[in-house]
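Engineer: Below: one structure in structure tokens.
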Amino acid sequence: MGAEVQTESIPPAADNIMSNLNSEEGTANKQSVSGDDGTPNGTMASLGRRASMAATTGGIHNRDGLAGPKRIRYRIYYKDEQGAIVEKSQYRTSKPDITPDPEEEADKDEDEYTIQPEAVFDIITHVTIRDVVATESVSTEAAAAGAAGEGALAEGTEKPRKTFKIRSIDTSQMVIRSKPLIEAIRAVVTYYPGQELGGNTITVEEPYYMLLHHQNDLREYFRKESENSDNASAGPDNTNGEPAKGADTQGYHDFKVLQAYLDAVWKKKIDREILRYKESPPKATFDMLWRLFKPGSRVFAKDDFRDSEEKLAGFIVRSLTLDGLNSPAPRLHIRLWYLDNIGNFIDRTPLSVTINSYEGAKDITTLPVYPVEIKEGDFTINLNSDLEAHLIERGKRCWKILEAVFEKKCLEVKYNGPVIGGKSEHYKGRAVVDPVAYFASEGAMPMPEFITSDNDVEYTENSYWNDEPIGSKKRGRFASYQNISSEYKRKHDLDDGHFFLFARRLGGFVLKTRQFRMLDINYIEELKKSDAHKNLQIPERRLQMIRALTEKVGGVGGKSWSADTIEGKGEGQIFLLHGPSGVGKTYTAECIAEMTGRPLLSLTCADIGTDETQMEKELAKWFRLSEQWQAILLIDEADVYFEKRASGQLQRNSLVSAFLRSMEYYHGILFLTTNRLGHIDDAILSRIHLIIEYEELTDETREKIWQQFFNKLRKEQENFDIDPRLESYVERDEALLTLKWNGREIRNAFQTAVALAEHEARTADPPKKTVLVRQAHLEQVVKMSAAFKSYMENFKGSEAKRAFMDGARMDEAIRQYAKDRKKLLDNARKLAKG
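All residue numbers in the sequence shown are consecutive under UniProt numbering, ending with 834.
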């Protein structure tokens with residue numbers, strides 16, 4: 001339903017729509033508004049209610065004495081349903097009615113800056129109309145009778161009178177024209193995105209948050225100006241032309257007009273809200289939440305990484321908007337930003353938080369976003385100092401990691417905690433921090449959308465700091481918070497203000513599962529260098545040879561020399577480690593990675609695939625990552641990719657050929673392991689730089705491995721101990737020595753014995769504090785292993801026999817088996833001959 005309003009003048013004493021709109025209650029006048037069906041009030045009764053969060057446009061109008069004569073002007077803009085302005089009322093210096101003279105307006109310029117040059121600001125109210133109901137001519141003398149003293153023209157001519165249907169009454173604008181006030185605002189407002197402060201005037205949208213946020217700053221500005229002014233310009237009340245002193249400056253009087261206008265609506269509300277801040281815990285009402293979120297202030301809010309943690313993070317308030325101003329349930333939208341990264345630089349990333357309206361006062365710290373501190377006059381309340389300190393410390397750790405990433409492109413770390421994004425999963429192990437590679441991977445979280453000078457409203461052509469010289473503090477309050485990179489780090493130091501805003505996530509690669517995941521900085525630890533190579537049971541000269549070849553790749557001194565005449569070919573280092581299972585082939589690659597400080601990228605056939613096309617694609621991906629991270633690439637049990645080619649085996653031949661092509665142009669370090677050397681294609685062998693054979697373990701080597709596990713348990717578990725009889729048992733027991741366990745079997749057996757001892761201590765009555773691993777625990781494992789090995793030998797023969805018959809390898813154990821077998825055959829032949 002619409003409301004019909006005539007544009008003829010009504011005496012100021014009469015009630016009208018605008019006077020009711022501008023009243024404290026904001027209800028529509030039933031006498032001047034009627035619905036489309038002729039019933040009183042129509043829809044304007046519901047539209048007239050203003051949310052108490054907005055400053056009504058008429059609060060000060062009944063107090064013109066405070067503001068001084070003709071210091072505030074009022075105007076109405078009539079808009080159609082598409083938002084286009086169809087009519088403008090003339091300027092007035094008192095409460096306007098809803099009856100502009102359209103013909104008068106048409107004869108005037110849109111911007112009538114010269115009508116009242118002494119005006120401090122204009123209040124412009126926007127009204128949306130449905131259509132024009134009627135137009136008729138009337139004498140302007142009747143209208144002039146009530147408006148001549150207010151600046152309206154008083155010609156006795158015929159003018160058209162229009163009657164509109166009102167659809168809604170929208171919010172108002174304040175257009176500030178006072179030059180001293182404009183200069184003061186530009187001086188005190190250092191950060192307010194979306195608020196343009198350039199040009200000859202400043203337009204502030206209702207409910208005037210920018211002015212309210214800086215009201216105390218403006219008051220202090222003019223106080224200092226008054227104290228320092230020895231020859232100020234004449235004030236509005238100084239009519240003798242003499243220079244005004246102190247409080248009689250033009251700017252001071254203009255500010256008093258603005259202050260009176262704002263205080264009429266807000267002062268009592270603000271004073272009551274400050275008392276709520278001083279309660280325990282501090283509280284706030286929805287109507288006054290805007291006071292807590294001044295643009296540029298620091299706040300806590302939940303990040304938007306959508307994981308199970310939902311932790312609070314640090315943000316800067318960018319802007320705030322009240323939505324549903326005239327609705328019964330308004331919402332406050334708060335736009336924030338924080339510092340996020342994609343690996344090669346850090347920049348500001350936006351986040352929006354909405355607070356729905358609520359009744360009464362609420363504990364501020366229970367809101368989805370709340371300030372770090374509240375400053376009011378002579379008191380300051382820090383709402384969560386522990387969280388603030390934690391976020392700063394976390395940001396420092398994050399920056400330390402990113403510095404290394406800037407320099408090395410990646411960093412290997414230790415991780416123990418949940419990963420961010422996707423399904424909730426916990427990971428414990430090593431990871432490589434590389435945000436660039438993470439965001440380039442499939443299934444990655446969306447890349448952060450940074451706030452840049454191209455799309456951020458605070459950098460528009462008329463933005464307030466564009467008038468400032470380059471380097472001005474006002475021009476770049478947060479300039480050091482943008483595009484932070486390794487180049488920036490060389491010139492500037494970051495401080496706690498930066499660290500507070502760092503996001504807790506870092507893109508990376510989980511080495512154990514070989515997946516890209518978003519890592520949480522809270523669970524990242526520095527990786528300490530291990531001395532695991534001291535436990536490696538291979539000759540020292542072999543170890544040094546491997547180390548020398550690995551250090552050649554990507555080492556000091558720039559690009560290494562290549563003997564190949566084709567550029568880019570044969571520049572990698574490829575090692576083949578062969579021998580029976582459990583003798584240290586994989587462990588060698590792990591130790592070399594530790595010694596050289598490189599990540600170990602361990603792959604299996606499942607990571608590469610067995611389809612030729614897919615295999616080349618996947619192998620290229622892993623080779624690229626390995627080169628990029630200067631990692632050691634290990635393909636364990638890679639027999640399927642270099643098995644001998646044979647006629648009629650097209651798929652296998654294609655797979656081997658594709659693997660050969662990929663190896664040729666790999667520039668990194670590649671370890672291949674196999675226990676079936678006899679099945680390798682000769683073309684593969686010709687491309688290997690170093691081939692190392694691993695023999696079966698001797699009893700002496702097994703004893704050393706046992707001692708390594710005993711020492712490791714004592715060092716890492718204070719409440720565990722080893723029974724001395726167990727140490728003697730592993731050295732001398734015939735049943736155990738006969739099993740000839742390899743390194744992996746020794747590890748598994750010892751883990752089982754420890755688990756049995758732990759269970760025994762836990763279930764004892766009373767439970768034992770110290771877990772003692774005894775001979776009896778290991779004997780249980782030995783008996784089960786001996787029984788199973790006997791079963792397998794009776795069923796399929798010994799492992800040496802199976803390897804000999806398959807032609808997989810020819811190590812010492814198999815050669816011994818071959819000798820024994822030949823001896824048996826020779827004896828059988830002799831017996832046959834008689």
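Just so it is clear, CB atoms sit at the ideal spot from N, CA and C, and this is done for glycine as well.
In this text the structure is predicted, and so the values were computed from the model without any measurement.
1. In this structure, how does DSSP classify ILE420 when only helix, strand and coil are distinguished?
2. Within 10 angstroms of the Cβ of GLU449, are there 16 or more other Cβ atoms? Answer buried if so, exposed if not.
3. According to DSSP, is LEU543 helix, strand or coil?
4. Given a cut-off of 8 angstroms, decide if ARG331 and SER319 are closer than it, judged by their beta-carbon atoms.
5. Please report the Cβ distance between ASN535 and ARG394, rounded to the nearest whole angstrom; I am assuming they are in contact, meaning their Cβ atoms lie under 8 angstroms.
6. Quick one: what does DSSP say MET288 is sitting in, helix, strand or coil?
7. Is the Cβ-Cβ distance between SER172 and ASN344 less than 8 angstroms?
8. Determine contact between the stretch 513-528 and the stretch 421-436, defined as no fewer than three beta-carbon pairs at a distance below 8 angstroms.
9. Please state whether DSSP places TRP741 in a helix, a strand or coil.
10. Does the stretch 706-725 come into contact with the stretch 667-682, if we say contact requires no fewer than three beta-carbon pairs (one atom in each stretch) closer than 8 angstroms?
11. Nearest CA to the CA of PHE502: which residue from TYR729, ALA749, ASN341, SER662?
12. Enumerate in chain order the residues of its own chain whose CB-to-CB distance from CYS410 is below 8 angstroms, with the five nearest sequence positions on each side excluded.
13. Output the distance between the C-alpha atoms of VAL656 and PRO580, rounded to the nearest integer angstrom.
14. Could you pull the DSSP bridge partners for LEU339 from this structure?
15. Alpha carbons only, please: which of GLY377, SER798, MET784 is nearest the one belonging to ASN216?
16. Could you have a look at LYS408 and say whether DSSP puts it in helix, strand or coil?
17. By DSSP, does PHE300 sit in helix, in strand, or in coil?
18. Using a Cβ-based criterion (distance less than 7 angstroms to any ligand heavy atom), does PHE642 qualify as near the ligand SAM?
19. Who are GLY579's beta bridge partners in DSSP?
20. So, is ARG71 buried or exposed, given that buried needs 16 or more other C-beta atoms within 10 angstroms?
21. Could you give the DSSP three-state label for residue 861: helix, strand or coil?
22. Note down the Cα distance separating VAL204 from GLY83, rounded to an integer number of angstroms.
23. Have a look at LYS830 and LEU824 and give me their C-alpha separation to the nearest angstrom.
24. Considering only residues of the same chain and omitting the five flanking positions on each side of GLU758, which have a CB-CB separation below 7 angstroms?
25. What do you get for HIS253, buried or exposed, if any count of 16 or more other CB atoms within 10 angstroms of its CB means buried?
26. When you compare only the Cα positions, how much space is there between ILE274 and LEU292?
27. Going by C-alpha to C-alpha distance, which of ARG92, ARG504, THR125, GLN816 sits closest to PRO418?
28. Give, in chain order, every unbroken run of the beta strand (DSSP E) that is at least 3 residues long and sits entirely within the stretch 635-690.
29. Consult DSSP for PHE450 and reduce its assignment to one of helix, strand or coil.
30. Kindly list the residues whose CB is nearer than 8 angstroms to the CB of TYR817, restricted to its own chain and excluding five residues on each side of it in sequence; keep chain order.
31. Measure the alpha-carbon distance for ASP682 versus ALA755 and round it to whole angstroms.
32. Rounded to the nearest angstrom, what separates ILE316 and ALA638 at their Cα positions?
33. When DSSP labels each residue in this structure, what does LYS724 get in the three-state scheme?
34. Is it buried or exposed, PHE379, if we count other Cβ atoms within 10 angstroms and call 16 or more buried?
35. Mapping DSSP to helix, strand and coil, what is ASP170?
36. Should TYR481 go down as buried or exposed, given a rule of 16 or more other Cβ atoms within 10 Å for buried?
Structural biologist: So, from the listed chains and residues:
1. Counted from its first residue, the sequence shown places residue 420 at position 420. If DSSP states are grouped into helix, strand and coil, ILE420 belongs with the strands.
2. Residue 449 sits at position 449 when you count from the first residue of the sequence shown. GLU449 is exposed by the Cβ-count criterion.
3. As a first step, residue 543 must be located in the sequence shown, where it is residue number 543. It is helical.
4. For the purposes of this step, residue 319 is identified with residue 319 of the sequence shown, where counting begins at 1. For the purposes of this step, residue 331 is identified with residue 331 of the sequence shown, where counting begins at 1. No; because the gap between Cβ atoms is not below 8 angstroms, this pair is not in contact.
5. Indexing the sequence shown from 1 puts residue 535 at position 535. Indexing the sequence shown from 1 puts residue 394 at position 394. About 36 angstroms separates the two Cβ atoms, so there is no contact after all.
6. Taking the first residue of the sequence shown as 1, we reach residue 288 at position 288. DSSP places MET288 in helix when its eight states are reduced to three.
7. The count along the sequence shown starts at 1 and reaches residue 172 at position 172. The count along the sequence shown starts at 1 and reaches residue 344 at position 344. No, Cβ-Cβ distance for SER172 and ASN344 is not below 8 angstroms.
8. yes
9. As a first step, residue 741 is located in the sequence shown; it is residue number 741 there, counting from the start. It is coil, neither helix nor strand.
10. no
11. For the purposes of this step, residue 502 is identified with residue 502 of the sequence shown, where counting begins at 1. Nearest C-alpha to PHE502: ASN341.
12. Taking the sequence shown and counting its residues from 1, one reaches residue 410 at position 410. Counting only Cβ-Cβ distances below 8 angstroms, and skipping sequence neighbours, we find VAL432, VAL433, ASP434, ALA437, PRO599, GLN628, TRP629.
13. The residue you call residue 656 lines up with position 656 of the sequence shown. The residue you call residue 580 lines up with position 580 of the sequence shown. For VAL656 and PRO580, the distance between alpha carbons rounds to 23 angstroms.
14. As a first step, residue 339 is located in the sequence shown; it is residue number 339 there, counting from the start. Answer is ARG348, PHE502.
15. Sequence index remark: in the sequence shown, residue 216 carries index 216 (1-based). Nearest option by C-alpha distance: GLY377.
16. Walking along the sequence shown from the start, residue 408 turns up at place 408. In the structure shown, LYS408 sits in a helix (DSSP, three-state: H, G or I).
17. By 1-based counting over the sequence shown, the position of residue 300 is 300. If DSSP states are grouped into helix, strand and coil, PHE300 belongs with the strands.
18. With respect to the ligand SAM, the structure offers nothing, as it holds no ligand at all.
19. Start at 1 with the first residue of the sequence shown, and residue 579 comes out as number 579. None; GLY579 has no bridge partner.
20. Here residue 71 refers to the residue found at position 71 of the sequence shown. Looking at its Cβ environment, which holds 16 or more other Cβ atoms inside 10 Å, ARG71 is buried.
21. The shown model of the chain, from 1 to 834, leaves out residue 861, and the question about it has no answer.
22. As a working note, residue 204 is residue 204 in the sequence shown. As a working note, residue 83 is residue 83 in the sequence shown. VAL204 and GLY83: Cα-Cα distance of roughly 19 angstroms.
23. In the sequence shown, residue 830 corresponds to position 830, counting from 1. In the sequence shown, residue 824 corresponds to position 824, counting from 1. In a straight line, the C-alpha of LYS830 is about 10 angstroms away from that of LEU824.
24. Taking the sequence shown and counting its residues from 1, the one referred to as residue 758 is at position 758. Excluding positions up to five away in sequence, the list reads VAL771.
25. Against the sequence shown, residue 253 aligns to sequence position 253. Buried, because 16 or more other Cβ atoms sit within 10 Å of the Cβ of HIS253.
26. Here the question's residue 274 lines up with position 274 in the sequence shown. Here the question's residue 292 lines up with position 292 in the sequence shown. Distance between the alpha carbons of ILE274 and LEU292: 11 angstroms.
27. The residue you call residue 418 lines up with position 418 of the sequence shown. Nearest option by C-alpha distance: ARG504.
28. 669-674
29. Against the sequence shown, residue 450 aligns to sequence position 450. Coil.
30. The residue given as residue 817 occupies position 817 in the sequence shown. Excluding sequence neighbours, TYR817 sits near SER798, ALA800, LYS801, PHE804.
31. To locate residue 682, count along the sequence shown from 1; it is residue 682. To locate residue 755, count along the sequence shown from 1; it is residue 755. C-alpha separation (whole angstroms): 46 angstroms.
32. Here residue 316 refers to the residue found at position 316 when the sequence shown is read from its first residue. Here residue 638 refers to the residue found at position 638 when the sequence shown is read from its first residue. If you take the alpha carbons of ILE316 and ALA638, they lie about 53 angstroms apart.
33. On the sequence shown, residue 724 is found 724 positions in, with the first residue counted as 1. The residue asked about is misnamed: residue 724 is Pro in this sequence, not Lys. Correct three-state label for PRO724: helix.
34. The residue given as residue 379 occupies position 379 in the sequence shown. Per the 10 Å Cβ criterion, exposed.
35. As a working mapping, residue 170 is identified with position 170 in the sequence shown. Strand at ASP170.
36. Within the sequence shown, residue 481 is the residue found at index 481, counting from 1. Answer is buried; the Cβ neighbour count reaches 16.
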